[in-house]
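Chemist:
As structure tokens, this is what we get:
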């Protein structure tokens, strides 16, 4: 058997602070046209794909903050992506900043959607693991204010049966947490798609630059292997107004092996034919959860958030 | 600050079916003598270190089975290890097959102990994730009957404050499961020690041999990074009566990087100076669990063992 999804991982180069959403969407449409020529069923765009990675800046004025958020999806600026999806018969994944009213309160989420080949939104995910900090920190070389700008996502880690398989989503820092993949693995996920904006350097401590790429891949590769799922990780890369984001867009097989990876830090499409039936070997043997998992010994994972070391 | 534990990862070459426990212990004592010259505080031996990896054979006779198990620890044969520990001022970790009476029932566990520098057993762990199968499977090139010979361990994943740090244990296939590391990470673990016996080839499906080593390391390295802990993984390696076990003994830093690895498939000691304070950077920032974990979205991990895909 084989159930093939041809996936395009569409890395975006930098989006400067002054670049318009319309320009970013035009760049994405060009990548969709490339993906059509390569017969892609699905194209994956990064986290916060419409704008620069604005959480590196502290803003206090409400209007200034909210200009970075989308109040509806699709909207006038993003409609061409949905039109292209329908015209090309190509699903897509898009990350953006979402502003909504919930129970009379304004909420701001770091959000991603999954759109099918008819241009219909079939799934929405709001980022759970917000990295960084909630207040300005003077000792940092640059800020990472995701906990200031965003509420913790309230969707949980869901999966959707679409495009012939079971697909799930997460966003950026979520990829470092094994719980992210496991919760989707327990719902039979066959492909996790995710976008990220990750600085090339640590804002606080000096760190060997190669290490950050290694750790990012280590998490995606182990998440793939340990749940026997495809993982498609897509970067926004390159230098945004002096701040470099690393690239490393890649497609990871259920064996944990990288089968395609980006070569640069700009707009770049990489493609792989992903047979979802390759997930079966792992799901039926090494990671047959029913046969091998022992939740009675995992209780701490859901009973407590923080670490509690034994008394001295 | 620095809190250094100098660790020796003591890979064992093959133990043939006919080799005595006394011979295996003598080999381990030689490795302890090497470790003493290298100033080790702790030496880590593999899983089932006293005998060949007997779960590859089907045995039905109770006496024949029980000869592979220890009924007490220390016992006459293993006492020299405890004496050397006290004499050398060196802790050790040892895996063995354990037979006990519990509530009037005979139980068999795949067990490991942690012994401190005074030769006192400070911790015991019984393997939770038993791989393989419970009945003879004709289609396999060799058997992996751990579910036949062993009961599921009943200790859970504990940690112990000993040798100046917080140490934990797991065994072989446990290392592939992110829950193993996470449960110890939630108890502040700073060093996980583990042994394994892993065949170089898959008994059922044809597999690229490099892949098995890659996957083993992927799990130990991600477990280390995602919990900001040292991981010491020690193989029994080489060809036991025609069945090859892979080596790959390694010491992994809290960054996820391998800092020492074995070169061969025989008895071999590798050593690293492991500063437990290197765990702090990860535990206080990227993997500050209190700041970033969201157990409310992890509930499936403890609510169900097996995967439940969405309806078609």
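Chains as they are written, first to last, in this note's numbering: chain A, 1 to 312; chain B, 313 to 624.
Each residue gets a CB set at the ideal place from its N, CA and C atoms; glycine is no exception.
#1: Roughly how many angstroms separate the alpha carbons of residue 622 (chain B) and residue 119 (chain A), rounded to a whole number?
#2: Which residues mark the beginning and the end of the beta strand (DSSP E) in which residue 408 (chain B) is found?
#3: By Cβ distance below 6 Å, which residues in the same chain neighbour residue 136 (chain A) in space, the five residues on each side in sequence not counted?
#4: Relative to chain A, which residues along the region 576-603 of chain B have a C-beta separation below 9 Å, given in chain order?
#5: Pick from B:439, B:548 and B:586: whose alpha carbon is nearest that of residue 576 (chain B)?
#6: Under 7 Å between beta-carbons, which chain B residues line up against residue 222 (chain A)? List them in chain order, please.
#7: So, does the region 176-193 of chain A touch the region 528-538 of chain B, judging by three or more C-beta pairs under 8 Å?
#8: Can you give the beta carbon distance from residue 77 (chain A) to residue 25 (chain A), rounded, assuming they're within the 8 Å contact cut?
#9: Measuring only from the beta carbon, is residue 185 (chain A) closer than 8 Å to any heavy atom that is part of the ligand NAD?
#10: Alpha helix (DSSP H) containing residue 614 (chain B): first to last residue?
#11: Assuming contact is defined by CB atoms lying nearer than 9 Å, are residue 234 (chain A) and residue 195 (chain A) in contact in what I supplied?
#12: So, under 8 Å CB-CB, residue 510 (chain B) and residue 528 (chain B) are touching, yes? Tell me the CB distance rounded to an integer number of Å.
#13: Cutting at 7 Å between CB atoms, please list the residues of its own chain near residue 398 (chain B), excluding the five before and the five after it.
#14: Which runs of the beta strand (DSSP E), 3 residues or longer, sit entirely within the region 338-423 of chain B?
#15: Can you check whether the CB of residue 125 (chain A) is closer than 9 Å to the CB of residue 157 (chain A)?
#16: Exposed or buried, residue 372 (chain B), counting other C-beta atoms within 10 Å across all chains shown (16 or more means buried)?
#17: Just checking my contact of residue 250 (chain A) with residue 191 (chain A) at CB under 8 Å: how many whole Å lie between their CB atoms?
#18: Among A:143, A:153 and A:130, which has the Cα closest to the Cα of residue 99 (chain A)?
#19: For a test of the three-state rule: what should DSSP assign to residue 602 (chain B), helix, strand or coil?
#20: Within 9 Å of any Cβ in chain B, is that where the Cβ of residue 204 (chain A) sits?
#21: Strictly under 9 Å for the Cβ-Cβ distance: is residue 301 (chain A) near chain B by that measure?
#22: What does residue 618 (chain B) reach in chain A if we use C-beta pairs closer than 9 Å?
#23: Around the C-beta of residue 480 (chain B), are 16 or more other C-beta atoms found within 10 angstroms, so that it is buried, or is it exposed?
#24: Which bits of chain B does residue 161 (chain A) rub up against, with CB to CB less than 9 Å?
#25: Are the C-beta of residue 131 (chain A) and some C-beta of chain E separated by less than 9 Å?
#26: With a threshold of 9 Å between beta carbons, is residue 106 (chain A) in contact with chain B?
#27: Excluding sequence positions up to five away, which residues of its chain have a Cβ less than 7 Å from the Cβ of residue 66 (chain A)?
#28: For residue 431 (chain B), would you say it is in contact with chain A, using Cβ-to-Cβ distances shorter than 9 Å as the test?
#29: Assign residue 363 (chain B) to one of two classes, buried (16 or more other C-beta atoms within 10 Å of its C-beta) or exposed (fewer than that).
#30: Which of the residues in the region 377-390 of chain B, read from start to end, lie with their CB under 8 Å from any CB of chain A?
#31: Would you say residue 422 (chain B) reaches chain A, if we count a Cβ-Cβ gap shorter than 9 Å as a contact?
#32: Could you tell me the alpha carbon to alpha carbon distance between residue 361 (chain B) and residue 241 (chain A), rounded to whole angstroms?
#33: In this structure, does DSSP put residue 479 (chain B) in helix, strand or coil?
#34: Kindly indicate if chain B contains any beta-carbon less than 9 Å away from that of residue 176 (chain A).
#35: Could you check where the beta strand (DSSP E) with residue 580 (chain B) kicks off and where it finishes?
#36: Considering Cα atoms alone, identify which of B:418, B:592 and B:321 is closest to residue 497 (chain B).
Modeler: The answer reads as follows:
#1: 22 Å
#2: 403-414
#3: 58
#4: 593, 595, 597, 598, 599, 600, 601, 602 and 603
#5: B:548
#6: 530, 531 and 534
#7: yes
#8: 6 Å
#9: Ligands displayed in this structure: none; no statement on the ligand NAD is therefore possible.
#10: 612-615
#11: yes
#12: 6 Å
#13: 430 and 431
#14: 354-356 and 403-414
#15: yes
#16: exposed
#17: The pair is not a contact, with the Cβ atoms about 14 Å apart (cut-off 8 Å).
#18: A:153
#19: helix
#20: yes
#21: yes
#22: 186, 288, 289, 290, 291 and 293
#23: buried
#24: 621, 622, 623 and 624
#25: Among the protein chains of the structure shown, namely A and B, there is no chain E.
#26: no
#27: 99
#28: no
#29: buried
#30: none
#31: no
#32: 57 Å
#33: strand
#34: yes
#35: 580-587
#36: B:592
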